[in-house]
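S.K.: So in the working numbering, spot 134 of the sequence shown is number 290, and the numbers just go up one at a time.
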Amino acid sequence: MKKMLKRMIFIFYALNINSDFMGAVYLYTGSGFGKTTSALGLALRAVGQGKKVVIIQFMKGWKNTGEYKIMKKLKPNYRIYQFGRKGFVNMRNPSEGDKKRAQKGLEFAKQEIKKKPFILILDEINLAVRIGLINKKDVLQLLKNLPKQTSVVLTGRYAPKEFIKRAEYVHILKLYKNPKYVPATRGIQY
157 MKKMLKRMIF IFYALNINSD FMGAVYLYTG SGFGKTTSAL GLALRAVGQG KKVVIIQFMK
217 GWKNTGEYKI MKKLKPNYRI YQFGRKGFVN MRNPSEGDKK RAQKGLEFAK QEIKKKPFIL
277 ILDEINLAVR IGLINKKDVL QLLKNLPKQT SVVLTGRYAP KEFIKRAEYV HILKLYKNPK
337 YVPATRGIQY
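(1) Identify every residue that forms a DSSP beta bridge with residue 290.
(2) From which residue to which residue does the alpha helix (DSSP H) around residue 194 run?
(3) Within the region 216-257, note down every full beta strand (DSSP E) run reaching 3 residues or more, in order along the chain.
(4) With DSSP as the reference, please indicate the residues paired to residue 262 in a beta bridge.
(5) Tell me where the beta strand (DSSP E) around residue 344 begins and ends.
(6) Checking 9 Å against the spacing of the C-beta atoms, do residue 280 and residue 312 come in under that value?
(7) How would you call residue 325, buried or exposed, if buried means at least 16 neighbouring beta carbons within 10 angstroms?
(8) Distance check for residue 335 and residue 303, CA to CA, integer angstroms please.
(9) Inspect the beta-carbon positions of residue 332 and residue 188 and report whether they are closer than 9 Å.
(10) Would you tell me roughly how many angstroms separate the C-alpha atoms of residue 340 and residue 221, rounded to the nearest one?
(11) Assuming the contact rule is C-beta atoms closer than 8 Å, residue 278 and residue 265 should be a hit. Round their C-beta distance to whole Å, please.
(12) Where does residue 215 land, buried or exposed, given buried means 16+ other C-beta within 10 angstroms?
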């Protein structure tokens with residue numbers, strides 16, 4: 157009887173332990189490849205467990221990527237929204253249009269977080285802050301009162317030190333080695 161009671165307590169603990177770690181902030185930054193890919197891996201795991209994931213891409217507007225195209229097959233638990241242009245943003249002098257799109261994305265994130273998805277991914281938000289598309293104080297305010305049911309993932313190079321301090325999990329991806337020419341391969345880089 158005592159052994160069975162211990163086992164029941166362990167099972168109860170194991171089933172409920174996940175809820176104690178929700179509401180966390182995961183940060184993927186650094187010069188290496190794989191920041192968005194790492195976030196998408198978390199998304200895939202969550203969707204595989206029947207959880208809802210919302211991805212907001214701040215500097216991407218190209219819909220021919222694998223992560224965008226898969227949405228048709230993974231809906232309704234996987235949703236992705238883009239608030240960037242199809243081309244590249246001028247990093248030294250972003251346009252007013254780029255700033256408006258990014259701000260619209262942040263406002264959208266504020267609305268989505270109220271719906272308490274299991275994971276909210278803010279893709280390239282670190283870089284968007286770095287080049288002045290979004291104010292880091294506004295992002296920190298968003299992260300201030302996360303619902304317990306929602307974890308947030310921040311990606312992009314140049315994460316501000318305030319984001320690093322706020323995050324419970326920080327992953328810095330460093331490029332160790334790559335060929336001189338790296339072709340963009342469908343299914344790997346996009």
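Every residue, glycine too, gets a C-beta built ideally from N, C-alpha and C.
M.R.: With the structure as the only source:
(1) Its beta-bridge partners do not exist; DSSP assigns none.
(2) 191-204
(3) 234-238
(4) Looking at the DSSP assignment, residue 262 forms no beta bridge with any residue, so it has no partner.
(5) Premise fails: residue 344 is in no beta strand (DSSP E) and is neither H nor E.
(6) yes
(7) exposed
(8) 43 Å
(9) yes
(10) 11 Å
(11) 6 Å
(12) buried
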